[in-house]
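Asker: Residue numbers (this note's numbering), protein chains in the order written: chain A, 151 to 367; chain B, 217 to 505.
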């Protein structure tokens, strides 16, 4: 469960989010919708505790932003899979090594890593492309690789920040379908987007954010 | 175990991934450790030179004519007890005559009809002493014996040699410290360049739940490898240089450069591990703050 209690964060330049009160369930699929600069990324960054609320708190599972020690934050992030608009794949290593990195961090054995990475790449439709480097993949493939990297550690939550921002409409819909499959298997998915047409009518909860203030649907 | 192997292999792979920074760091470490190693060898051998020169310091003591030989022998025994005296050699009248003959080729008895040479003693000072050697207290103590007629020694020369030696030691120590500090700074700054170049990797690692030590380890391992490779190259250069230089020097001056290749490599590699560990830890810790 993710809970934001009266959480606020204001950047030095002035923007941010204020007084956010919202809860996401364990197996929920939710969209956060709002224009660029409305505070979607800030909200997600507070959930994975890259930003700590200046007022209020964020609680993710047993991790409470008001009490957590900095050295414990990595353990929270191991429960969260993150997908970004700009992929954040490492250019100097192939797909296998990019995805395996999450498992090395947690301390999986070599054999487990091979099994999980292979399985995860199959799941996102990139089986057989383990040796490819990010620059050898299309935008859609790179984004699916990011999803594989997020899924490989079997997280409790997927946070996706504008994951379709660089994709064409068809690839974007395929990505959302992939998230829905993941969600059906019990992983909570919270996806931020500015494209209402992409998310409308899918039957998921939509949280609207405007100028740093949340309005739920 | 697999995690350790991964961190180790990441450190090694980083050497290849960051070729330019690796080359810069290794070359800088090689240069600075070569200078440091040279200073150490010069320092060690300067000690040998000063010990050799001190072995040549001589205080010649001439006794009064009327003092019996037995009493002179007792006085010489007392000389041996003076702090800073290594050994003494008593030169009897007949010994002095033999020395005269060996130096001038004539017998003193044939020239003047009797042996006018006084009984004397050569006092040798200790050769190993870290601080500046001052022979004046020894000379003063010897002069205080009433049996002593005259004391001859190379006072000004000894003072100059000892003063220059002390200045040399001070300059060498300061240079060595300076070189080591420069090495730490070079390694630290080179690792910082690597870190800036790899900020995406660090960010990705932090986002997927890597602990601080997991993020730091490959950079520290990479830094230590830079240091070790630089130290090995410096040791190879110095050993080759000393071997060639020593032969040349020996053919000219019969002076053999004293050093142990194993000790030199051991000191340089240990030094490189310590300074590269400090340099790289400092750089990555500052970045992760």
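Don't be surprised by glycine CBs; every beta carbon is placed ideally from N, CA and C.
How big is the Cα-Cα spacing for residue 239(A) and residue 256(B)?
Answerer: As a first step, residue 239(A) is located in the first chain; it is residue number 89 there, counting from the start. As a first step, residue 256(B) is located in the second chain; it is residue number 40 there, counting from the start. Taking the straight line from one Cα to the other gives about 48 Å.
Asker: Which of helix, strand or coil does DSSP assign to residue 285(A)?
Answerer: For the purposes of this step, residue 285(A) is taken as residue 135 along the first chain, with counting starting at 1. Here residue 285(A) sits in helix by DSSP.
Asker: At 3 residues or longer, what runs of the beta strand (DSSP E) sit wholly inside the region 214-256 of chain A?
Answerer: 230-234
Asker: Helix, strand or coil for residue 260(A) per DSSP?
Answerer: The residue labelled residue 260(A) in the question sits at position 110 within the first chain. Residue 260(A) falls in the helix class under three-state DSSP.
Asker: Starting from the Cα of residue 229(A), find the closest Cα among 289(A), 305(A), 342(A) and give me that residue.
Answerer: Numbered from 1 along the first chain, position 79 holds the residue referred to as residue 229(A). The candidate whose alpha carbon is nearest that of residue 229(A) is 305(A).
Asker: How is residue 273(B) classed by DSSP in three states: helix, strand or coil?
Answerer: Taking the second chain and counting its residues from 1, the one referred to as residue 273(B) is at position 57. Of the three classes helix, strand and coil, the one that applies to residue 273(B) here is coil, per DSSP.
Asker: Could you tell me how far apart the beta carbons of residue 186(A) and residue 159(A) are, in whole angstroms, since I believe they sit closer than 8 Å?
Answerer: In the first chain, residue 186(A) corresponds to position 36, counting from 1. In the first chain, residue 159(A) corresponds to position 9, counting from 1. That belief does not hold up - the Cβ atoms of residue 186(A) and residue 159(A) are roughly 17 Å apart, past 8 Å.
Asker: Taking C-alpha atoms, which residue in 372(B), 426(B), 502(B) lies nearest to residue 222(A)?
Answerer: Locating residue 222(A) in the first chain gives position 72, where the first residue counts as 1. Looking at 372(B), 426(B), 502(B), the one whose alpha-carbon comes closest to that of residue 222(A) is 426(B).
Asker: Between the C-alpha atoms of residue 433(B) and residue 223(B), what's the straight-line distance to the nearest angstrom?
Answerer: Along the second chain, one-based indexing puts residue 433(B) at 217. Along the second chain, one-based indexing puts residue 223(B) at 7. Distance between the alpha carbons of residue 433(B) and residue 223(B): 6 Å.
Asker: What in chain B is Cβ-close to residue 225(A), meaning under 8 Å?
Answerer: In the first chain, the residue the question calls residue 225(A) occupies position 75. Taking the beta carbon of residue 225(A) as reference, the chain B residues within 8 Å of it are 425, listed in sequence order.
Asker: How about the region 439-456 of chain B and the region 239-259 of chain B: do they share at least three Cβ pairs that are nearer than 8 Å?
Answerer: yes
Asker: By how many angstroms is the C-alpha of residue 234(B) removed from the C-alpha of residue 249(B)?
Answerer: Here residue 249(B) refers to the residue found at position 33 when the second chain is read from its first residue. Here residue 234(B) refers to the residue found at position 18 when the second chain is read from its first residue. Their Cα atoms are separated by approximately 22 Å.
Asker: For the alpha helix (DSSP H) that residue 447(B) lies in, which residues bound it at each end?
Answerer: Within the second chain, residue 447(B) is the residue found at index 231, counting from 1. From DSSP, the alpha helix (DSSP H) with residue 447(B) extends over 428-469.
Asker: Under a CB-based cut-off of 7 Å, is residue 228(A) close to chain B?
Answerer: Reading the first chain from its first residue, position 78 is the one you call residue 228(A). True, the Cβ-Cβ gap to chain B drops below 7 Å.
Asker: Which residue or residues does DSSP assign as beta-bridge partners of residue 307(A)?
Answerer: In the first chain, residue 307(A) corresponds to position 157, counting from 1. Answer is 230(A), 338(A), bridged to residue 307(A).
Asker: Spatial neighbours of residue 341(B) within its chain, please: CB distance less than 8 Å, with the 5 preceding and 5 following residues excluded, ordered by chain position.
Answerer: What you label residue 341(B) is simply residue 125 of the second chain in a count that begins at 1. Contacts found: 270, 273, 275, 300, 301, 302, 349, 351, 354.
Asker: Relative to the C-alpha of residue 174(A), which residue among 293(A), 220(A), 278(A), 151(A) is closest?
Answerer: For this step, residue 174(A) is matched to residue 24 along the first chain. Here the closest residue by C-alpha is 151(A).
Asker: The beta strand (DSSP E) with residue 206(A) in it runs from where to where?
Answerer: The residue you call residue 206(A) lines up with position 56 of the first chain. Here the beta strand (DSSP E) through residue 206(A) covers 205-210.
Asker: So that I know if they touch, is there some Cβ in chain A lying closer than 7 Å to that of residue 502(B)?
Answerer: Position 286 of the second chain, counting from 1, holds the residue named residue 502(B). Chain A, which has no Cβ nearer than 7 Å to the Cβ of residue 502(B), makes this no.
Asker: Give the DSSP bridge partners of residue 369(B), in chain order.
Answerer: For the purposes of this step, residue 369(B) is taken as the residue at position 153 of the second chain. Looking at the DSSP assignment, residue 369(B) forms a beta bridge with 275(B).
Asker: Just to make sure I have the definition right: I need the residues of chain A whose C-beta is within less than 7 Å of the C-beta of residue 219(B). Which are they?
Answerer: Mapped onto the second chain, residue 219(B) falls at position 3. What residue 219(B) touches in chain A: 254, 257.
Asker: Within 10 angstroms of its Cβ, does residue 364(A) collect 16 or more other Cβ (buried), or is it exposed?
Answerer: Along the first chain, one-based indexing puts residue 364(A) at 214. Looking at its Cβ environment, which holds 16 or more other Cβ atoms inside 10 Å, residue 364(A) is buried.
Asker: Quick check on DSSP: helix, strand or coil for residue 182(A)?
Answerer: Against the first chain, residue 182(A) aligns to sequence position 32. Residue 182(A): strand per DSSP, three-state reduction.
Asker: Using a Cβ-Cβ cutoff of less than 7 Å, which residues in the same chain neighbour residue 354(A) once the five nearest sequence positions on both sides are dropped?
Answerer: What you label residue 354(A) is simply residue 204 of the first chain in a count that begins at 1. If we look at residue 354(A) and ignore the five residues flanking it on each side, its Cβ neighbours are 179, 180, 181.
Asker: Taking only beta carbons into account, state which residues of the region 221-239 of chain B come closer than 7 Å to chain A, listed in chain order.
Answerer: 222, 233
Asker: For residue 242(A), which residues in chain B fall below 7 Å Cβ to Cβ?
Answerer: Locating residue 242(A) in the first chain gives position 92, counting from the first residue. Those are 233, listed as they occur along chain B.
Asker: Is there a C-beta anywhere in chain B that falls below 7 Å from the one on residue 190(A)?
Answerer: Along the first chain, one-based indexing puts residue 190(A) at 40. At a cut-off of 7 Å, the C-beta of residue 190(A) has no neighbouring C-beta in chain B.
Asker: Which residues in the same chain have their Cβ closer than 7 Å to the Cβ of residue 277(B), if we skip the five residues on either side of it in sequence?
Answerer: What you label residue 277(B) is simply residue 61 of the second chain in a count that begins at 1. Within the same chain, residue 277(B) has close Cβ partners 336, 337, 339, 358, 364, 367.
Asker: Looking at the C-beta of residue 212(A), does it have a partner C-beta in chain B at a distance below 7 Å?
Answerer: The residue you call residue 212(A) lines up with position 62 of the first chain. Residue 212(A) does not count as touching chain B.
Asker: Would you please verify whether the beta carbon of residue 344(A) is less than 7 Å from any beta carbon of chain B?
Answerer: Taking the first residue of the first chain as position 1, residue 344(A) is located at position 194. Output row for residue 344(A): interface = no.
Asker: Can you give me the Cβ contacts of residue 171(A) inside the same chain, cut-off strictly under 7 Å, excluding the 5 residues immediately before and after it?
Answerer: Within the first chain, numbered from 1, the residue matching residue 171(A) stands at position 21. Counting only Cβ-Cβ distances below 7 Å, and skipping sequence neighbours, we find 154, 155, 156.
Asker: Closest Cβ-Cβ distance between residue 409(B) and chain A: below 7 Å?
Answerer: One-based indexing of the second chain puts residue 409(B) at position 193. Closer than 7 Å: no.
Asker: Need the endpoints of the alpha helix (DSSP H) that residue 293(B) sits in, please.
Answerer: As a position in the second chain, residue 293(B) is number 77, starting the count at 1. Residues 285-296.
Asker: Hey, quick one: how far does the beta strand (DSSP E) through residue 174(A) stretch, first residue to last?
Answerer: Within the first chain, numbered from 1, the residue matching residue 174(A) stands at position 24. Where residue 174(A) is concerned, the enclosing beta strand (DSSP E) stretches over 166-174.
Asker: Helix, strand or coil for residue 323(B), going by three-state DSSP, please let me know.
Answerer: Taking the first residue of the second chain as position 1, residue 323(B) is located at position 107. DSSP places residue 323(B) in coil when its eight states are reduced to three.
Asker: From this set, 439(B), 420(B), 444(B), 501(B), which residue's C-alpha is nearest residue 234(A)'s C-alpha?
Answerer: Position 84 of the first chain holds residue 234(A). If we check each option's Cα against that of residue 234(A), 420(B) comes out closest.
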